[in-house]
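K.L.:
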Amino acid sequence: MTTPPTTQAHLSRRTFLKTLTAAGAVGIVAAGGYTLYEFAPWLDYDQQATYTRRPLAAEVNRSAPPLYELIRYASLAVNGHNTQPWKFAIKENVIEIHPDYTRRLPVVDPDDRELWISLGCALENLLIAARATGHAAEVIYPDAEDMIRVNLMTDSPQDDALFNAIPLRQNTRSEYDGKPISAAELDLLKALPQEPGVTARFVTSPAEREMVIEYVNQGNLSQYTDTEFVSELLTWLRFTRKEALAALDGLYTRCSGNPEVPRWLGQMFVTGTDSQQQADTDAKKLRSSAGALVITSESEDRTAWVRAGQMYERTALLMTSLNIKSAFVNQPIEVASLRSEFQSAMGLDGNLPQLLLRFGYANGMPKSLRRPVEAILV
Ligand SMILES: Cc1cc2nc3c(=O)[nH]c(=O)nc-3n(C[C@H](O)[C@H](O)[C@H](O)COP(=O)(O)O)c2cc1C
Numbered sequence: 011m012t013t014p015p016t017t018q019a020h021l022s023r024r025t026f027l028k029t030l031t032a033a034g035a036v037g038i039v040a041a042g043g044y045t046l047y048e049f050a051p052w053l054d055y056d057q058q059a060t061y062t063r064r065p066l067a068a069e070v071n072r073s074a075p076p077l078y079e080l081i082r083y084a085s086l087a088v089n090g091h092n093t094q095p096w097k098f099a100i101k102e103n104v105i106e107i108h109p110d111y112t113r114r115l116p117v118v119d120p121d122d123r124e125l126w127i128s129l130g131c132a133l134e135n136l137l138i139a140a141r142a143t144g145h146a147a148e149v150i151y152p153d154a155e156d157m158i159r160v161n162l163m164t165d166s167p168q169d170d171a172l173f174n175a176i177p178l179r180q181n182t183r184s185e186y187d188g189k190p191i192s193a194a195e196l197d198l199l200k201a202l203p204q205e206p207g208v209t210a211r212f213v214t215s216p217a218e219r220e221m222v223i224e225y226v227n228q229g230n231l232s233q234y235t236d237t238e239f240v241s242e243l244l245t246w247l248r249f250t251r252k253e254a255l256a257a258l259d260g261l262y263t264r265c266s267g268n269p270e271v272p273r274w275l276g277q278m279f280v281t282g283t284d285s286q287q288q289a290d291t292d293a294k295k296l297r298s299s300a301g302a303l304v305i306t307s308e309s310e311d312r313t314a315w316v317r318a319g320q321m322y323e324r325t326a327l328l329m330t331s332l333n334i335k336s337a338f339v340n341q342p343i344e345v346a347s348l349r350s351e352f353q354s355a356m357g358l359d360g361n362l363p364q365l366l367l368r369f370g371y372a373n374g375m376p377k378s379l380r381r382p383v384e385a386i387l388v
């Protein structure tokens, strides 16, 4: 039986309208999904960040984790521009930490001082994770060789608050809430075991903090008028989550409290940064902090840099466990012409400033990413 043309036309129109409505709904959902995807950059980024920082205890038996997991925890350490300038080698019960000179920062760090500090930070995480998971460790510092060697032996696992802080620590670049930290917490920080030759000099008086601000100002004015500094920084900035997720390294804008923008626009902002404005922003952030800390060393060599890094990471982890945030303001040390002036102004005597940071209370920021262990094995 053939359908009368009128009815067919009528049904077709109804079907057509239904199809159109369904297509419209699909279109709206698709457009909504796309908009959400484009303008909700935290969606898959935060998943990746959470995966990067998954607690070691959650996936392996803590008393016998594979050495890969110790390396993953080492790689969660603080490091210059998030270049992750390290390679690891596993040789039976030895883990070697090698510098990855392809990830140097020749402008801001021409002597690889900060690169070796970064390796020291990774070493500290590795040692804390090793002890917590049932290893005693012996460290051979890079005096004779261009690497750090960690010999691991079986031991009983040691409970350590710093271990739990490893995946939570971050360099928090926001403004803080202006509240001081308690004397008891300051005492805990000062009581941390020191590395040989390394000192931690806390700055909590307003007068001394103003002096630190003055040097950070000068450092900012020098760095942000230096086109080479700015172009090196640009190569490590990740302006969108697509860039950040593709590279799994570098400085993603949202981790510094800035919005996502296309690279061309971000480049325009960064190259057009007014150095005085940058200095004023950092001065405000320092004034919102509870204090500052200078980490110094007696000598200037690879081992001293590694030990300074260890001291920083240990301090940052204790701060994290006390819910205290910290962020670097290294400008007066990175700008060579300011470093010795800063050293005498702070009364550091023969101790060389290696790192300068501010600390205090604030909410956390989006967390930075790391490359997987497979990518950082020799
Ligand atoms: C030696 C060294 C120097 C650094 N200098 C700065 C700095 O001047 N300003 C800053 O905001 N972060 C600085 N950082 C922090 C890194 O940018 C940060 O650790 C990295 O982006 C990874 O982020 P996360 O620490 O939050 O995991 C420095 C880190 C190291 C080890």
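Numbering (the working numbering), first residue to last: 11 to 388.
Virtual Cβ for every residue (Gly too), placed ideally from N, Cα, C.
Quick caveat: nothing in here was measured; it's all calculated off a predicted structure.
1) With DSSP as the reference, label glycine 370 as helix, strand or coil.
2) What whole-angstrom Cβ distance do arginine 248 and leucine 261 have, given they're in contact under 8 Å?
3) Counting only runs that start and end within the region 246-278, where is the alpha helix (DSSP H) found for 4 or more residues in a row?
4) Using the C-alpha atoms, what's the distance from phenylalanine 239 back to proline 120?
5) For threonine 180, is the beta carbon positioned less than 7 Å from some heavy atom of ligand 1?
6) From this set, Pro363, Lys377, Gly374 and Gly370, which residue's C-alpha is nearest isoleucine 127's C-alpha?
7) What I want to know is whether the C-beta of methionine 340 ends up closer than 7 Å to one or more non-hydrogen atoms of ligand 1.
8) Please report the straight-line C-alpha distance between alanine 68 and valine 271, rounded to a whole angstrom.
9) Along the chain, where does the beta strand (DSSP E) that runs through leucine 303 open and close?
10) Considering only the alpha carbon of each residue, which of Thr330, Asn161, Thr245 and Asp54 lies closest to leucine 115?
11) How far does the alpha helix (DSSP H) with alanine 142 in it extend, from its first residue to its last?
12) Return the Cβ separation of serine 299 and phenylalanine 369 in integer angstroms, given the expectation that the two are a contact with Cβ distance under 8 Å.
13) Give the range of the alpha helix (DSSP H) segment to which proline 342 is assigned.
14) Tell me whether glutamate 344 is buried or exposed, calling it buried when 16 or more other Cβ atoms sit within 10 Å of its Cβ.
15) So, are the CB atoms of arginine 317 and proline 206 less than 8 Å apart?
16) Compute every distance between the C-beta of glutamate 185 and the non-hydrogen atoms of ligand 1, then say whether any falls below 7 Å.
17) What are the start and end residues of the alpha helix (DSSP H) that includes glutamate 384?
18) Rounding to the nearest angstrom, what Cα-Cα distance links glutamate 185 and lysine 101 in this structure?
19) Mind checking whether the beta-carbon of serine 128 lies closer than 7 Å to any heavy atom of ligand 1?
20) Check alanine 326 in the structure and name its three-state DSSP category.
21) Can you check DSSP and say which residues form a bridge with alanine 209?
22) Exposed or buried, what is glutamine 18 when buried is set at 16 or more other beta-carbons lying within 10 Å of its beta-carbon?
23) For lysine 377, does the three-state DSSP call read helix, strand or coil?
24) Decide yes or no for the touch test of the region 227-237 against the region 283-290: beta carbon pairs closer than 8 Å, at least 3 of them.
25) Is it buried or exposed, glycine 357, if we count other Cβ atoms within 10 angstroms and call 16 or more buried?
26) From the DSSP output, which residues share a beta bridge with methionine 163?
27) Measuring only the C-alpha atoms, how far is asparagine 361 from glutamate 310?
28) Would you tell me roughly how many angstroms separate the C-alpha atoms of tyrosine 225 and glutamine 341, rounded to the nearest one?
29) Could you check if arginine 380 is buried or exposed, using at least 16 other CB atoms within 10 Å of its CB as the buried criterion?
30) DSSP three-state label for leucine 66, please.
31) How long is the line joining the alpha carbons of proline 152 and leucine 275, rounded to whole angstroms?
32) Let's test the definition: count the other Cβ atoms within 10 Å of the Cβ of leucine 387 and tell me whether it reaches 16, buried, or not, exposed.
33) Label alanine 64 either buried or exposed according to how many other C-beta atoms from any shown protein chain fall within 10 Å of its C-beta, with 16 as the threshold for buried.
34) In whole angstroms, what separates the C-alpha of serine 266 from that of glutamine 228?
35) What whole-angstrom Cβ distance do aspartate 259 and asparagine 92 have, given they're in contact under 8 Å?
36) Nearest to glutamate 195 by CA position, among Arg179, Phe212, Val208 and Thr182, is which residue?
P.N.:
Reading it off the structure:
1) Locating residue 370 in the sequence shown gives position 360, where the first residue counts as 1. Glycine 370: strand per DSSP, three-state reduction.
2) Translated into positions along the sequence shown, residue 248 becomes position 238. Translated into positions along the sequence shown, residue 261 becomes position 251. About 6 Å separates the two Cβ atoms, so the contact holds.
3) Fully contained in the region 246-278 are the following alpha helix (DSSP H) runs of length 4 or more, in chain order: 251-257.
4) Here the question's residue 120 lines up with position 110 in the sequence shown. Here the question's residue 239 lines up with position 229 in the sequence shown. Their Cα atoms are separated by approximately 11 Å.
5) For the purposes of this step, residue 180 is taken as the residue at position 170 of the sequence shown. Note on residue identity: the sequence assigns glutamine, not threonine, to residue 180. In this structure, the C-beta of glutamine 180 approaches ligand 1 to less than 7 Å from one of its heavy atoms.
6) Against the sequence shown, residue 127 aligns to sequence position 117. Of Pro363, Lys377, Gly374 and Gly370, the residue nearest in Cα terms is Pro363.
7) Indexing the sequence shown from 1 puts residue 340 at position 330. Inspection of the sequence shows that residue 340 is occupied by asparagine rather than by methionine. Yes, Cβ of asparagine 340 sits closer than 7 Å to a heavy atom of ligand 1.
8) Within the sequence shown, numbered from 1, the residue matching residue 68 stands at position 58. Within the sequence shown, numbered from 1, the residue matching residue 271 stands at position 261. Below a pLDDT of 50, predicted positions are generally treated as unreliable, and alanine 68, at 47, falls in that range; no measurement from the model is reported.
9) Within the sequence shown, residue 303 is the residue found at index 293, counting from 1. Run containing leucine 303: 301-307, per the beta strand (DSSP E) assignment.
10) Within the sequence shown, numbered from 1, the residue matching residue 115 stands at position 105. In this structure, Thr245 is the residue among Thr330, Asn161, Thr245 and Asp54 with its C-alpha nearest to the C-alpha of leucine 115.
11) Translated into positions along the sequence shown, residue 142 becomes position 132. First-last of the alpha helix (DSSP H) with alanine 142: 123-142.
12) As a working mapping, residue 299 is identified with position 289 in the sequence shown. As a working mapping, residue 369 is identified with position 359 in the sequence shown. The pair is a contact, with the Cβ atoms about 6 Å apart (cut-off 8 Å).
13) Residue numbering aside, residue 342 sits at position 332 when the sequence shown is read from its first letter. Where proline 342 is concerned, the enclosing alpha helix (DSSP H) stretches over 341-344.
14) Numbered from 1 along the sequence shown, position 334 holds the residue referred to as residue 344. With at least 16 other beta carbons inside 10 angstroms of its own, glutamate 344 counts as buried.
15) Residue numbering aside, residue 317 sits at position 307 when the sequence shown is read from its first letter. Residue numbering aside, residue 206 sits at position 196 when the sequence shown is read from its first letter. Yes, Cβ-Cβ distance for arginine 317 and proline 206 is below 8 Å.
16) By 1-based counting over the sequence shown, the position of residue 185 is 175. No, since every heavy atom of ligand 1 falls outside the 7 Å radius drawn around the Cβ of glutamate 185.
17) On the sequence shown, residue 384 is found 374 positions in, with the first residue counted as 1. No alpha helix (DSSP H) contains glutamate 384, which DSSP labels as neither H nor E.
18) If you number the sequence shown from 1, residue 185 lands on position 175. If you number the sequence shown from 1, residue 101 lands on position 91. Roughly 44 Å between the two C-alpha positions.
19) The sequence position of residue 128 within the sequence shown is 118, counting from 1. Of the heavy atoms belonging to ligand 1, at least one sits nearer than 7 Å to the Cβ of serine 128.
20) For this step, residue 326 is matched to residue 316 along the sequence shown. Collapsing the DSSP output to three states places alanine 326 in a helix.
21) The sequence position of residue 209 within the sequence shown is 199, counting from 1. The displayed chain sequence assigns threonine, not alanine, to residue 209. Answer is Thr306.
22) To locate residue 18, count along the sequence shown from 1; it is residue 8. For glutamine 18, the predicted model reports a pLDDT of 40, less than 50, meaning its position is unreliable; a value from the coordinates is still stated below. That one is exposed.
23) The sequence position of residue 377 within the sequence shown is 367, counting from 1. Correct three-state label for lysine 377: coil.
24) Contact holds: three or more Cβ-Cβ distances are below 8 Å.
25) The residue given as residue 357 occupies position 347 in the sequence shown. Classification for glycine 357: exposed.
26) Sequence index remark: in the sequence shown, residue 163 carries index 153 (1-based). Methionine 163 pairs with Ala146.
27) In the sequence shown, counting from the first residue as 1, residue 361 sits at position 351. In the sequence shown, counting from the first residue as 1, residue 310 sits at position 300. Rounded to the nearest angstrom, the two C-alpha atoms are 10 Å apart.
28) One-based indexing of the sequence shown puts residue 225 at position 215. One-based indexing of the sequence shown puts residue 341 at position 331. Tyrosine 225 and glutamine 341: Cα-Cα distance of roughly 8 Å.
29) Numbered from 1 along the sequence shown, position 370 holds the residue referred to as residue 380. That one is buried.
30) One-based indexing of the sequence shown puts residue 66 at position 56. Leucine 66 falls in the helix class under three-state DSSP.
31) Position 142 of the sequence shown holds residue 152. Position 265 of the sequence shown holds residue 275. Distance between the alpha carbons of proline 152 and leucine 275: 42 Å.
32) As a working mapping, residue 387 is identified with position 377 in the sequence shown. With fewer than 16 other Cβ atoms within 10 Å, it is exposed.
33) Along the sequence shown, one-based indexing puts residue 64 at 54. Before going further, note that residue 64 is arginine rather than alanine in the sequence given. Residue environment for arginine 64: exposed (fewer than 16 other C-beta atoms within 10 angstroms of its C-beta).
34) As a first step, residue 266 must be located in the sequence shown, where it is residue number 256. As a first step, residue 228 must be located in the sequence shown, where it is residue number 218. The straight-line gap from Cα to Cα measures roughly 21 Å.
35) In the sequence shown, counting from the first residue as 1, residue 259 sits at position 249. In the sequence shown, counting from the first residue as 1, residue 92 sits at position 82. So it is a contact: roughly 5 Å between Cβ atoms.
36) The residue you call residue 195 lines up with position 185 of the sequence shown. Looking at the Cα atoms, Phe212 is the closest of the given residues.
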